[in-house]
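Engineer:
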Ligand code: HEM
């Protein structure tokens, strides 16, 4: 990576497999780089910790989905490979600003407070135990498939009240939408998702239950606090967030421990380190490597580089979390590191709503793995592991282990 004014391709296969090396170069070189995405969108990537945090809290840097579409349109370098993301899935809190954002977030905030989430502990433990009962010590498994995927998916599905008959389809559509699917795949996945969520909502309307989706349907029908499109988008956001993120926390965290046996031994010896260890996994190999898209409405000045108004911006969360100016020995896993300050859950008004749930799931998941499989090891050499092809998410395709 050299100059800040040349448009370059950052998101190469090399980047997908090893973002940390390239991001270290970006941080050293300049506070922000203008790059071209695989689908021909010109955008800025912000890589240093202080700048990343400032961008996430900057009230002039916005997310509104309709305006973002216009900004993206203006920054397409050519129309080939353009990908249309379904409008019906886009009107949620993570694509809103100001009063709309507050209204949408408020509708579900109560269900995600640390206290409410703590009440789910016994159920999350039961799901964890059931999944781990199905495998045995010495067995070779893909830990993602056997454990890291089904755990958070089951939890979020139960919370929302989603039956499990179409879960496999949902996982595939969700994968296409957050990965780098072809324009056709993205369009197909979007349409399938809208139809599926429509059926789900119709079912809740016909058969109300004591679950979050029923409550959201009622907020739409009875009190007009949520429009029908916002309802579909809210269900989409919560389900996708539950599908795409915690899996990577469990996967990346397990890999980090297996690659750092002395840290693994320390955690085995002192389980009170578990909460700080989970935060360190979030920092060390952040499951969400880049923030979602934002756009500037005014020029933003970052240490000598100006991002003009009307530009698409990605904030490098994973990069900020490896910034040596903020974290000592940033490239080392240290589960005793003082917690706090990492950007793994974002920052500002869009700070992850599901953070208490993700933390609870991860603590229970790692406790279960350590308790049951004292000799767990990787089943393949590290260089054979492949990372998923996604700009936003950072997670393995498979994690083969011998339990
Ligand atoms: C390890 C797991 C997770 C990680 C690393 C994670 C990370 C993040 C990040 C980085 C953001 C901010 C994105 C941005 O500003 O561009 C975010 C927002 C959000 N997350 Fe999570 N997340 C996780 C789990 C969950 C879960 C389980 C849910 C449950 C429903 C969830 C729901 C949300 C929602 C609704 C937002 C948008 C909040 C807003 O716009 O106000 N997340 N998450």
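Numbering (full-length UniProt numbering), first residue to last: 1 to 403.
Each residue gets a CB set at the ideal place from its N, CA and C atoms; glycine is no exception.
Indicate the three-state DSSP secondary structure (helix, strand or coil) for residue 87 in the structure shown.
Structural biologist: helix
Engineer: Is there contact between the segment 47-62 and the segment 82-92, where contact requires at least three CB pairs shorter than 8 angstroms?
Structural biologist: no
Engineer: Beta carbon of residue 178, beta carbon of residue 259: below 8 angstroms?
Structural biologist: no
Engineer: What number of angstroms, rounded off, separates the C-alpha of residue 374 from the C-alpha of residue 318?
Structural biologist: The straight-line gap from Cα to Cα measures roughly 30 angstroms.
Engineer: Please report how far the alpha carbon of residue 268 lies from the alpha carbon of residue 131, in whole angstroms.
Structural biologist: For residue 268 and residue 131, the distance between alpha carbons rounds to 21 angstroms.
Engineer: Checking 8 angstroms against the spacing of the C-beta atoms, do residue 124 and residue 313 come in under that value?
Structural biologist: no
Engineer: What residue range is occupied by the uninterrupted alpha helix (DSSP H) comprising residue 362?
Structural biologist: 355-372
Engineer: Going by C-alpha to C-alpha distance, which of 232, 193, 196, 195 sits closest to residue 212?
Structural biologist: Each of 232, 193, 196, 195 was checked against the Cα of residue 212, and the nearest Cα belongs to 232.
Engineer: Can you have a look at residue 6 and say buried or exposed, based on whether 16 or more other CB atoms are within 10 angstroms of its CB?
Structural biologist: At residue 6 the pLDDT is 47, less than 50, meaning the model places this residue with poor confidence; the figure from the coordinates comes in the next sentence. Classification for residue 6: exposed.
Engineer: Enumerate, from N- to C-terminal direction, the unbroken alpha helix (DSSP H) stretches of 4 or more residues contained entirely within the segment 216-247.
Structural biologist: Counting only runs of 4 or more residues that sit fully inside the segment 216-247, the alpha helix (DSSP H) segments are 228-244, in chain order.
Engineer: If you draw a straight line from the C-alpha of residue 388 to the C-alpha of residue 396, how long is it?
Structural biologist: When rounded, the distance between both Cα atoms is 6 angstroms.
Engineer: Can you tell me which of the three DSSP states residue 168 falls into?
Structural biologist: helix
Engineer: Pick helix, strand or coil for residue 140, following the three-state DSSP scheme.
Structural biologist: strand
Engineer: So, residue 399 versus residue 251, is the Cβ gap smaller than 8 angstroms?
Structural biologist: yes
Engineer: Determine the direct distance from the alpha carbon of residue 320 to that of residue 246, and round the result to whole angstroms.
Structural biologist: 20 angstroms
Engineer: Under 8 angstroms between the Cβ atoms of residue 392 and residue 31?
Structural biologist: no
Engineer: Could you pull the start and end residues of the beta strand (DSSP E) that residue 401 belongs to?
Structural biologist: 400-402
Engineer: With a floor of 3 residues, list each beta strand (DSSP E) that falls wholly inside the segment 314-353, ordered by position along the chain.
Structural biologist: none
Engineer: Tell me whether residue 46 sits in a helix, a strand or coil according to DSSP, three-state version.
Structural biologist: strand
Engineer: When the Cβ atoms of the segment 93-108 are set against those of the segment 217-229, are three or more pairs found closer than 8 angstroms?
Structural biologist: With a cut-off of 8 angstroms, the segment 217-229 and the segment 93-108 count as touching, because enough Cβ pairs lie within range.
Engineer: List the endpoints of the continuous beta strand (DSSP E) containing residue 127.
Structural biologist: Residue 127 -> not in any beta strand (DSSP E); alpha helix (DSSP H) instead, spanning 121-133.
Engineer: For residue 151, which three-state DSSP category applies?
Structural biologist: helix
Engineer: Under 8 angstroms, with one C-beta from each stretch per pair, do the segment 266-284 and the segment 138-150 reach the 3-pair mark?
Structural biologist: No: fewer than three Cβ pairs fall under 8 angstroms.
Engineer: Indicate, with yes or no, if the ligand HEM has a heavy atom lying under 7 angstroms from the CB of residue 241.
Structural biologist: yes
Engineer: I believe residue 284 touches residue 343 by the beta-carbon criterion, under 8 angstroms. Please report the beta-carbon distance rounded to the nearest angstrom.
Structural biologist: Rounded, the Cβ-Cβ distance is 12 angstroms, inconsistent with contact.
Engineer: Are there 16 or more other CB atoms within 10 angstroms of the CB of residue 12, so buried, or fewer, so exposed?
Structural biologist: exposed
Engineer: Given a cut-off of 8 angstroms on the beta-carbon distance, is the pair residue 17 and residue 36 in contact?
Structural biologist: Not a contact, by the Cβ cut-off of 8 angstroms.
Engineer: Have a look at residue 402 and residue 143 and give me their C-alpha separation to the nearest angstrom.
Structural biologist: 9 angstroms
Engineer: Less than 8 angstroms between the C-beta atoms of residue 15 and residue 22, yes or no?
Structural biologist: yes
Engineer: With residue 392 as the anchor, note down where its alpha helix (DSSP H) starts and where it stops.
Structural biologist: Boundaries for residue 392: no alpha helix (DSSP H) harbours it, and the DSSP string shows neither H nor E there.
Engineer: With a CB to CB cut of under 8 angstroms and the five nearest residues on each side skipped, what residues in its chain are close to residue 171?
Structural biologist: 149, 153, 243
Engineer: Quick one: what does DSSP say residue 72 is sitting in, helix, strand or coil?
Structural biologist: helix
Engineer: Does residue 41 come out as helix, strand or coil in the three-state DSSP assignment?
Structural biologist: In the structure shown, residue 41 sits in a strand (DSSP, three-state: E or B).
Engineer: Going by DSSP, what residue range makes up the beta strand (DSSP E) through residue 288?
Structural biologist: Unbroken run through residue 288: none, as it is neither H nor E.
Engineer: Mind checking whether the beta-carbon of residue 354 lies closer than 7 angstroms to any heavy atom of the ligand HEM?
Structural biologist: yes
Engineer: So for residue 67, helix, strand or coil by DSSP?
Structural biologist: helix
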